[in-house]
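Participant: Chains as they are written, first to last, in this note's numbering: chain A, 1 to 146; chain B, 1001 to 1287; chain C, 2001 to 2136. My structure is below; once you've seen it, I'll send some questions.
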Amino acid sequence: MMMIKMQPTMTVSLSKDTVQIVKEQDVVFLKNRVKEVAVRIKMGLVNQTRLITAASELVRNMMRYGNGGVCVIEVVSSGRVNGVRLTFIDKGPGIPDIAAAMRDGFSTGKSLGLGLPGTKRLVNEFDIKSKVGEGTTVTILKWANG
Amino acid sequence: MSFNTHKLLQKKKKNILELWMKNQLADEGLREDLISNEELRSQSEELINALVGNLSSENFTDLQSEEWSPVIEILGGIAITRARQGFSPRETGNFVFSLKEALLDVLQQEITDDAMTLFKESLKINRLMDNLSVVTFETFIKGREEVILRQTDEITEISTPVIRVWDGILALPIIGTLDSARTQIVMENLLQEIVETGSSIAILDISGVPAVDSLVAQHLIKTVSATRLMGAECIISGIRPEIAQTVVHLGIDLSNIITKATLASALAYAFKVMRLEVRKAAVVGKF
Amino acid sequence: MDKIPILRMGAFLLVTIQVDLYDRLALNLEADLVQMVNKTNAKGVLIDISAVSIVDSFMGRIIGNIASMSRILDAETVVVGMQPAVAITLIELGLPLKGVHTALDMERGMNFLKTMIDVEADDDDQDAADYDSIAE
């Protein structure tokens, strides 16, 4: 079986679920779904809060800059521990300079510009891919005990 | 026409089990204190059934084959249980090696006239059992690692007690190296205790922390900031002169944090903030 | 449209956020509170977030805005009852809520505001012996 490796940690996907993000109410729905999944794999309260907050940041970016998109919620396993992987995919304008966007204090919109680096600090793995004119995909992973 | 070892083994399943059990029970490394003979027998029987039942001429040397997964699963289960029960690697290894002996013995009894076939088939069984031994050891070590990780978790859990030194004042003595995982637990315990006791001051005593580098300092600053967000104040005490030196040399800015040299001076500061006074009781005149 | 109720108690305004805020609701709260501070000439604003489980950078910014706007209108803002998990997450996110006062619970927050106002009025009443901190 061949798999394209996207994350530094080899993982096995145990369940997969896709949520469409179009309007503001979808954000509430997404947060609840993420919470359900996190509780199901027995993630601690602080890690749950980190994960949902990270999701909240990314979904806001997607609504603001990417005209909405989809979020894939996955339960993954590294063998020893389980985790939640979220993939945010939008077909927005894309980010021309990812390195700049990952610096604290950078922003193109009217926010504090903490979104991406702050979000990265909340999760165990963070991956961003963007192509100008095609869209942006952000993948985050939080282990139940990390 | 090749010899059908798998058919032979299937036919001789009972013999193999008996031989294997005999080997195991005769071994001086038998751990009757950890596993009863009946239990050992049922484990062995389960494994043989799976092993012989899944044998075919095609998969004999190919351990990647799907058909082996039940065998590997059973073997893995046994290895993990043994790791947890405290069997030594040798004892766990002998479990599989003694099965190999039994298989080879049976083969030898059956193939009496053709040395070439006996050699070829023995080699095949050898390879198969060696592969299974490797699987056993891998799982055994994984089981032991899990035990170690669980113990590490337990140690971190018990090594961070939050003490109520006064109504409204908490103290948390940290002993040992402060890494990210530990800070996480320290911080969570402290903040939770602040909520539960309604304490407005927390003292983090680092007398027992061997060294403070910029990462540890960052962890401390994080804890202090989070405490403030909740509406309480966090004092860091127990800063030894060497630590003060390294902090300054490393250019770490602790100016936003209240630091005290000793737990006593931190407590005195806390009393002052809470407008409490500790006084020597007046001597009641007796004469 | 949902609204978060703002209660008036003497010179103070009390807000208890019982639901997880979504953006529009938070923006409305910011506007309503500033209006109320102005209308009632309040000296202090108490925001109880003990029931809030998620505060992201947007919510953090709104809280900061409310504090700054109120201060311009001569009212101090105290955020009370932040959950440990929320506090940890905000710090890691890089949002220490500079300039916002915090207190463990409503009572302490109230006492803190009373001392603040007393101090401002040059009153020497030292009854309110409670302690607060300012996030930095």
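Note that beta-carbon positions come from the ideal geometry of N, C-alpha and C, so glycine has one too.
1) Taking Cβ positions, are residue 1274 of chain B and residue 1222 of chain B nearer each other than 9 angstroms?
2) Can you tell which of C:2082, C:2004 and C:2021 has its C-alpha closest to the C-alpha of residue 2013 of chain C?
3) Throw me the rounded Cβ distance for the residue 63 of chain A and residue 88 of chain A pair, which I believe falls under 8 angstroms.
4) Of the residues that make up the segment 1184–1211 of chain B, which ones have a beta carbon closer than 7 angstroms to any beta carbon in chain A?
5) Taking a cut of 8 angstroms between CB atoms, which residues from the segment 45–58 of chain A lie near chain B?
6) Rounded to the nearest angstrom, what separates residue 2056 of chain C and residue 49 of chain A at their Cα positions?
7) Check each candidate in A:93, A:103 and A:54 and name the one with the smallest Cα separation from residue 122 of chain A.
8) Would residue 82 of chain A be called buried (16 or more neighbouring beta carbons within 10 Å of its own) or exposed?
9) How big is the Cα-Cα spacing for residue 1083 of chain B and residue 1143 of chain B?
10) With 9 angstroms as the threshold, decide whether the Cβ of residue 2108 of chain C is near any Cβ in chain B.
11) Applying the 10 Å Cβ sphere with the 16-neighbour rule, what's the burial state of residue 136 of chain A?
12) Are the Cβ atoms of residue 1025 of chain B and residue 1048 of chain B separated by less than 9 angstroms?
13) What does the alpha-carbon distance come out to for the pair residue 1139 of chain B and residue 1087 of chain B?
14) Residues of chain A with CB under 9 angstroms from residue 2030 of chain C, in chain order?
15) Are the C-beta atoms of residue 94 of chain A and some chain C residue less than 9 angstroms apart?
16) By the three-class DSSP mapping on this structure, what secondary structure does residue 11 of chain A have?
17) How should residue 32 of chain A be labelled, buried or exposed, when 16 other C-beta atoms within 10 angstroms of its C-beta is the threshold for buried?
18) For residue 1262 of chain B and residue 2087 of chain C, what's the separation of their Cα atoms in angstroms?
19) For residue 1037 of chain B and residue 1043 of chain B, I'd like the C-alpha separation in whole angstroms.
20) What in chain C is Cβ-close to residue 24 of chain A, meaning under 7 angstroms?
21) Is the number of C-beta pairs between the segment 2071–2089 of chain C and the segment 39–49 of chain A that are closer than 8 angstroms three or more?
22) At the 9 angstroms Cβ level, is residue 112 of chain A part of the contact set with chain C, yes or no?
23) Do you know whose CA, among B:1202, B:1039, B:1208 and B:1115, lies nearest residue 1240 of chain B's CA?
24) List the whole-angstrom C-beta distance separating residue 2015 of chain C from residue 2047 of chain C, where the pair is believed to meet the contact cut-off of C-beta under 8 angstroms.
25) According to DSSP, simplified to helix, strand and coil, what is residue 1170 of chain B?
26) According to the neighbour-count rule (16 or more other Cβ atoms, all chains shown, within 10 Å of its Cβ), is residue 1119 of chain B buried or exposed?
27) Candidates C:2040, C:2002 and C:2036: which alpha carbon is nearest residue 2026 of chain C's?
28) Taking its Cβ as the centre, do 16 or more other Cβ atoms sit within 10 Å of residue 1100 of chain B, making it buried, or is it exposed?
29) Give the range of the beta strand (DSSP E) segment to which residue 1092 of chain B is assigned.
30) Relative to chain A, which residues along the segment 2081–2097 of chain C have a C-beta separation below 9 angstroms, given in chain order?
31) Looking only at its chain, what residues have a beta carbon closer than 7 angstroms to the beta carbon of residue 1162 of chain B, apart from the 5 residues adjacent to it on each side?
32) Got a sec? Which residues, its chain only, sit under 8 angstroms from residue 1147 of chain B by beta carbon, not counting five neighbours each side?
33) Per DSSP, residue 125 of chain A is paired with what?
34) Answer yes or no: do residue 1201 of chain B and residue 1236 of chain B have a C-beta to C-beta separation smaller than 9 angstroms?
35) For the segment 1219–1251 of chain B, list every residue whose C-beta sits within 7 angstroms of some C-beta in chain C, in sequence order.
Facilitator: In this structure, then:
1) Within the second sequence, residue 1274 of chain B is the residue found at index 274, counting from 1. Within the second sequence, residue 1222 of chain B is the residue found at index 222, counting from 1. Cβ distance not < 9 angstroms, so residue 1274 of chain B and residue 1222 of chain B don't count as in contact.
2) As a working note, residue 2013 of chain C is residue 13 in the third sequence. Out of C:2082, C:2004 and C:2021, C:2004 has the C-alpha closest to the C-alpha of residue 2013 of chain C.
3) Counted from its first residue, the first sequence places residue 63 of chain A at position 63. Counted from its first residue, the first sequence places residue 88 of chain A at position 88. Not quite, the Cβ-Cβ distance comes to about 10 angstroms (not below 8 angstroms), so this is no contact.
4) 1188
5) Of all residues in the segment 45–58 of chain A, those with a C-beta nearer than 8 angstroms to a C-beta of chain B are 46, reading in chain order.
6) If you number the third sequence from 1, residue 2056 of chain C lands on position 56. If you number the first sequence from 1, residue 49 of chain A lands on position 49. Rounded to whole angstroms, residue 2056 of chain C to residue 49 of chain A spans 10 angstroms at the Cα level.
7) Taking the first residue of the first sequence as position 1, residue 122 of chain A is located at position 122. It is A:54.
8) To locate residue 82 of chain A, count along the first sequence from 1; it is residue 82. Per the 10 Å Cβ criterion, buried.
9) In the second sequence, residue 1083 of chain B corresponds to position 83, counting from 1. In the second sequence, residue 1143 of chain B corresponds to position 143, counting from 1. Spanning the two alpha carbons is a distance of roughly 5 angstroms.
10) Taking the third sequence and counting its residues from 1, one reaches residue 2108 of chain C at position 108. At least one CB atom of chain B sits nearer than 9 angstroms to the CB of residue 2108 of chain C.
11) By 1-based counting over the first sequence, the position of residue 136 of chain A is 136. With 16 or more Cβ atoms within 10 Å of its Cβ, residue 136 of chain A is classed as buried.
12) Taking the second sequence and counting its residues from 1, the one referred to as residue 1025 of chain B is at position 25. Taking the second sequence and counting its residues from 1, the one referred to as residue 1048 of chain B is at position 48. No, Cβ-Cβ distance for residue 1025 of chain B and residue 1048 of chain B is not below 9 angstroms.
13) Numbered from 1 along the second sequence, position 139 holds the residue referred to as residue 1139 of chain B. Numbered from 1 along the second sequence, position 87 holds the residue referred to as residue 1087 of chain B. About 13 angstroms.
14) For this step, residue 2030 of chain C is matched to residue 30 along the third sequence. Ordered by position in chain A, no residue passes the 9 angstroms Cβ test against residue 2030 of chain C, which lies about 14 angstroms from the chain.
15) Residue 94 of chain A sits at position 94 when you count from the first residue of the first sequence. Taking Cβ atoms only, chain C never reaches closer than 9 angstroms to residue 94 of chain A, which makes this a no.
16) Position 11 of the first sequence, counted from the first residue, corresponds to residue 11 of chain A. Reduced to three states, the DSSP call for residue 11 of chain A is coil.
17) If you number the first sequence from 1, residue 32 of chain A lands on position 32. Counting Cβ neighbours within 10 Å, residue 32 of chain A comes out exposed, since fewer than 16 surround it.
18) Numbered from its first residue, the second sequence carries residue 1262 of chain B at position 262. Numbered from its first residue, the third sequence carries residue 2087 of chain C at position 87. Between residue 1262 of chain B and residue 2087 of chain C, the C-alpha separation is close to 27 angstroms.
19) By 1-based counting over the second sequence, the position of residue 1037 of chain B is 37. By 1-based counting over the second sequence, the position of residue 1043 of chain B is 43. The straight-line gap from Cα to Cα measures roughly 10 angstroms.
20) Taking the first residue of the first sequence as 1, we reach residue 24 of chain A at position 24. The answer, in chain order, is 2022, 2023 and 2024.
21) yes
22) Here residue 112 of chain A refers to the residue found at position 112 when the first sequence is read from its first residue. Reliability of the predicted coordinates at residue 112 of chain A is poor, the pLDDT of 48 falling under 50, and no value is obtained from them.
23) In the second sequence, the residue the question calls residue 1240 of chain B occupies position 240. Checked all of B:1202, B:1039, B:1208 and B:1115; the closest Cα to residue 1240 of chain B is B:1208.
24) If you number the third sequence from 1, residue 2015 of chain C lands on position 15. If you number the third sequence from 1, residue 2047 of chain C lands on position 47. Contact holds; Cβ gap of about 5 angstroms.
25) Position 170 of the second sequence, counted from the first residue, corresponds to residue 1170 of chain B. Reduced to three states, the DSSP call for residue 1170 of chain B is strand.
26) As a first step, residue 1119 of chain B is located in the second sequence; it is residue number 119 there, counting from the start. Under this definition residue 1119 of chain B is an exposed residue.
27) Stepping through the third sequence from its first residue, residue 2026 of chain C is reached at position 26. The candidate whose alpha carbon is nearest that of residue 2026 of chain C is C:2002.
28) As a first step, residue 1100 of chain B must be located in the second sequence, where it is residue number 100. Answer is buried; the Cβ neighbour count reaches 16.
29) Numbered from its first residue, the second sequence carries residue 1092 of chain B at position 92. Counting along the chain, residue 1092 of chain B falls outside any beta strand (DSSP E), though it belongs to the alpha helix (DSSP H) covering 1089–1110.
30) 2083, 2084, 2085, 2086, 2088, 2089, 2090, 2092, 2093, 2094 and 2095
31) Taking the second sequence and counting its residues from 1, one reaches residue 1162 of chain B at position 162. Excluding sequence neighbours, residue 1162 of chain B sits near 1170, 1172, 1189, 1190 and 1193.
32) As a working note, residue 1147 of chain B is residue 147 in the second sequence. The answer, listed in chain order, is 1083 and 1084.
33) Counting from 1 along the first sequence, the entry for residue 125 of chain A is found at position 125. A:141.
34) Residue mapping note: residue 1201 of chain B aligns to position 201 of the second sequence, counting from 1. Residue mapping note: residue 1236 of chain B aligns to position 236 of the second sequence, counting from 1. No, the Cβ-Cβ distance between residue 1201 of chain B and residue 1236 of chain B is not below 9 angstroms.
35) Within the segment 1219–1251 of chain B, the qualifying residues are 1222, 1225, 1226, 1228, 1229, 1230, 1231, 1232 and 1233.
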